[in-house]
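Trainee: In this text, residue positions in the sequence shown follow the numbering used here: the first is 6, and each later residue adds one.
A virtual CB, placed ideally from N, CA and C, is assigned to each residue, including glycine.
Please read these numbers as outputs of a predicted model, since none were measured by experiment.
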Amino acid sequence: MAGIKGWFSGLKGFTLFLAAFAALNVTLSLTVARESPLTSHALKFLDFSRIKAPGDIIPLYDVLQTEKKYGSSLIYRENFFKRRLKFIYPPTALVFFRPLQDLDRDRFIFITTSIINRIFLLFGIGTIFWLFNGFADRAGRTRGDIVLQNASVALLLFTFYPYFKAFTLGQAQIWINAMLLFSLLTFDRGKEGLSGVAMGFCALIKPSYGLALLWGLLAKRKRFAVAFLIVVLCGLAASLALYGWENHLDYVRALNYIGNHGEGYYPNQSINGFLNRILQNGNNLRWVADKYPPENALVRWGTTASSLLILGLALGSGWRNRKRLNFLPYLIVLLSITIASPIAWEHTYGFTFIIFLLLWETIFRGGLKDKGIPIAAVAFSYLLSSHFLHFLNTAFADTGWNFLQSYLLLGELILLALLYRFQRRTEFVN
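1) Where do the N-terminal and C-terminal ends of the alpha helix (DSSP H) with Gly175 fall, by residue?
2) Go ahead and pull the three-state DSSP assignment for Trp292.
3) State buried or exposed for Ala141, treating a residue as buried only when at least 16 other CB atoms are found within 10 Å of its CB.
4) With distances taken from CA atoms, which of Leu418, His352, Arg89 is nearest Ile263?
5) Return the CA-CA distance between Phe361 and Leu424, expressed in angstroms with no decimal places.
6) Rounded to whole angstroms, what is the Cα-Cα separation between Val202 and Gln154?
7) If we ignore side chains and look at the alpha-carbon of each, how far apart do Arg228 and Glu197 end up?
8) What residues in its chain sit with their C-beta under 7 Å from that of Pro272, if we drop five residues either side in the sequence?
9) Kindly identify the DSSP beta-bridge partner or partners of Asn273.
10) Give the C-beta separation of Leu280 and Gly307 to the nearest angstrom, bearing in mind that I take them to be a contact with Cβ-Cβ under 8 Å.
11) Using the Cβ count rule (16 or more neighbours within 10 Å means buried), how would you classify Phe165?
12) Is the Cβ-Cβ distance between Phe401 and Gln410 less than 8 Å?
13) Assess contact between the segment 242 to 262 and the segment 91 to 99, defined as three or more Cβ pairs (one per stretch) separated by less than 8 Å. Is contact present?
14) Going by Cα to Cα distance, which pick from Gly195, Trp220, Leu219, Gln178 is closest to Cys207?
15) My assumption, with CB atoms under 8 Å, is that Gly287 sits in contact with Gly269. Please give the rounded CB distance.
16) Quick check: the Cα distance between Phe427 and Leu333, rounded to an integer number of angstroms?
17) At 4 residues or longer, what runs of the alpha helix (DSSP H) sit wholly inside the segment 348 to 395?
18) Between Ala217 and Val338, is the Cβ-Cβ spacing less than 8 Å?
19) Starting from the Cα of Phe169, find the closest Cα among Leu185, Leu127, Gly145 and give me that residue.
20) Any idea what DSSP makes of Glu300, helix, strand or coil?
21) With burial defined as no fewer than 16 other Cβ atoms inside 10 Å of the residue's Cβ, what is the status of Trp324: buried or exposed?
22) Assess, as a yes-or-no matter, whether the segment 310 to 318 is touched by the segment 379 to 394 under the definition of 3 or more beta carbon pairs within less than 8 Å.
23) Nearest CA to the CA of Ala345: which residue from Ser78, Ala382, Ile380, Gln274?
24) Beta carbon of Gly3, beta carbon of Pro167: below 8 Å?
25) Could you check whether Tyr66 and Phe113 sit closer than 8 Å to each other, using their CB atoms as the reference points?
26) With DSSP as the reference, label Gly267 as helix, strand or coil.
27) Which two residues bound the contiguous alpha helix (DSSP H) that contains Arg460?
28) Quick check on DSSP: helix, strand or coil for Gln154?
29) Roughly how many whole angstroms lie between the Cα atoms of Gly149 and Asp109?
30) Less than 8 Å between the CB atoms is what I'm expecting for Tyr387 and Tyr256, so what's the real figure, rounded?
31) Applying the 10 Å Cβ sphere with the 16-neighbour rule, what's the burial state of Gly8?
32) Check whether the segment 373 to 382 and the segment 297 to 306 are in contact - that is, three or more C-beta pairs closer than 8 Å.
33) Compute the minimum distance between the beta carbon of Ala402 and the heavy atoms of the ligand COA, and state whether it is under 7 Å.
34) Measure the C-alpha to C-alpha separation of Ile116 and Ala381 and round it to an integer number of angstroms.
35) Does Asp193 pass the burial test, meaning 16 or more other C-beta atoms within 10 Å, or should it be called exposed?
Set out below in structure tokens:
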């Protein structure tokens with residue numbers, strides 16, 4: 006028995022586990038899962054394929070052409086409310102794309118998806134390895150451990166569906182994932198100012214991450230909060246100068262509309278998506294480009310209550326740990342913000358890859374007596390989060406079992422629960 010327990014402890018145990026799990030995960034990715042990143046999304050990144058028809062970048066280009074096409078500068082009134090275009094980026098995000106506005110569509114798509122997004126994806130990959138190795142080096146690894154661990158991490162990363170899915174969609178979520186990872190890296194290194202700058206850029210593209218500012222204030226992370234606020238105020242000033250107050254107020258109305266309706270389409274792995282699906286409220290199997298589900302009081306109140314609970318617990322964790330620079334509450338709040346959003350597409354969870362690695366490493370080198378259960382729990386959570394299990398989406402779509410379409414959400418909720426379980430562990434204190 007002692008020999009068996011030895012495999013679940015220490016540096017050797019972590020290295021061997023990571024290698025075995027990576028091999029298992031690759032097998033599942035190539036057999037059970039559909040759209041394995043190794044044969045589709047990650048492959049397009051590796052072989053420098055051009056992303057020819059990215060569904061998410063085309064609406065963005067059309068929105069940038071609003072004034073030219075429709076003779077109106079009222080972006081959301083024209084596109085969201087009149088044309089029913091599902092465009093949810095804020096005016097502050099459009100600022101980043103403004104310099105490319107006058108390009109023809111093909112060139113715009115090529116530069117954004119095949120060049121800029123590829124750079125951000127590569128930056129995110131580099132950040133993952135930098136953060137993982139910096140964290141793992143605290144255990145005093147041998148050269149053999151370093152080589153085998155990094156090879157295993159590479160195999161796991163290139164089969165992690167949420168991280169690479171954003172690439173073939175042409176999503177600006179690639180930028181957000183890269184900045185979230187960089188914010189985690191710099192926060193772990195004690196560089197709160199840089200971490201706040203990265204999070205500020207995330208908030209300019211996806212305003213829900215503005216809640217990280219509130220967390221920073223409650224957690225007494227002053228440099229983080231000040232840097233965050235400076236970036237956001239500068240971005241907002243530029244956005245107001247370019248697009249005016251009216252577009253910003255219209256965007257708030259658009260957010261309110263989205264919050265009241267949500268999205269039932271299965272890639273929406275949020276509480277809102279889960280509720281829309283189990284209540285059979287709208288379509289859950291096919292993308293509808295110009296229509297949201299009908300407004301439903303149960304969905305609206307369920308989303309609101311769950312979001313308040315999830316975010317309240319996360320902010321409370323920051324407050325309780327305010328007297329020490331603890332890495333874990335920061336992981337908790339970023340994951341909580343993502344889960345609590347009314348719309349959280351599969352690829353919004355791309356940054357969580359690093360969380361699984363850090364949890365495993367901490368469990369193996371920590372002082373827990375019984376490590377088998379938490380290791381297995383992280384592994385189960387990872388398998389649910391890592392793969393595109395499309396047979397669950399199609400087989401149960403029109404049945405009372407369609408809650409199984411929310412398998413990725415379940416995986417991330419388990420991950421969040423595990424973060425709370427280990428939030429007092431000293432291994433996560435900078």
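Mentor: To lay it out plainly:
1) No alpha helix (DSSP H) holds Gly175; DSSP gives it neither H nor E.
2) coil
3) buried
4) Arg89
5) 10 Å
6) 30 Å
7) 6 Å
8) Trp350, Glu351
9) Trp350
10) 5 Å
11) buried
12) yes
13) yes
14) Gln178
15) 4 Å
16) 8 Å
17) 358 to 370, 377 to 391
18) yes
19) Leu127
20) coil
21) exposed
22) no
23) Gln274
24) Because residue 3 is not part of the residues shown, which for the chain are 6 to 435, the question remains open.
25) yes
26) coil
27) This structure cannot speak to residue 460, because the chain is shown only from 6 to 435.
28) helix
29) 51 Å
30) Not really, about 36 Å apart at Cβ, beyond 8 Å.
31) Model confidence at Gly8 stands at a pLDDT of 48, short of 50, so the residue's coordinates are unreliable; what they give is reported in the following sentence. Looking at its Cβ environment, which holds fewer than 16 other Cβ atoms inside 10 Å, Gly8 is exposed.
32) no
33) Of the ligands one can find in the structure shown there are none, so the ligand COA has no counterpart to examine.
34) 42 Å
35) buried
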